[in-house]
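Numbering-wise, the sequence shown is residues 169 to 216 according to our numbering.
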Amino acid sequence: MKICDIKLRLPADLKAMLKERADANHRKMNGEIIAILERVLTSQREAA
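So, in structure tokens, the structure goes:
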């Protein structure tokens with residue numbers, strides 16, 4: 169898998185929610201973003 173860097177700008181409150189969720193799931197924020205995106209995109213693909 170090729171890894172690409174992106175710059176992501178988030179509202180401060182969304183970043184705080186993401187940080188809380190990452191901490192609760194024992195992940196770094198990057199890992200939490202990947203997990204969320206994979207889950208959402210997979211479910212959308214299956215629904216189509």
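Glycine included, every Cβ here is placed at the ideal spot set by N, Cα and C.
Taking only three categories from DSSP, how would you classify residue i?
{"i": "asparagine 198", "result": "helix"}
{"i": "arginine 207", "result": "helix"}
{"i": "lysine 183", "result": "helix"}
{"i": "arginine 177", "result": "coil"}
{"i": "alanine 216", "result": "coil"}
Measure the Cβ-Cβ separation of residue i and residue j and say whether it is below 7 Å.
{"i": "alanine 142", "j": "glutamate 200", "result": "No answer is possible for residue 142: the residues shown for the chain start at 169 and end at 216."}
{"i": "methionine 197", "j": "leucine 186", "result": "yes"}
Give me the residue from the options with the minimum Cα distance to residue i.
{"i": "aspartate 173", "options": "His194, Ser211, Ala180, Ile202", "result": "Ile202"}
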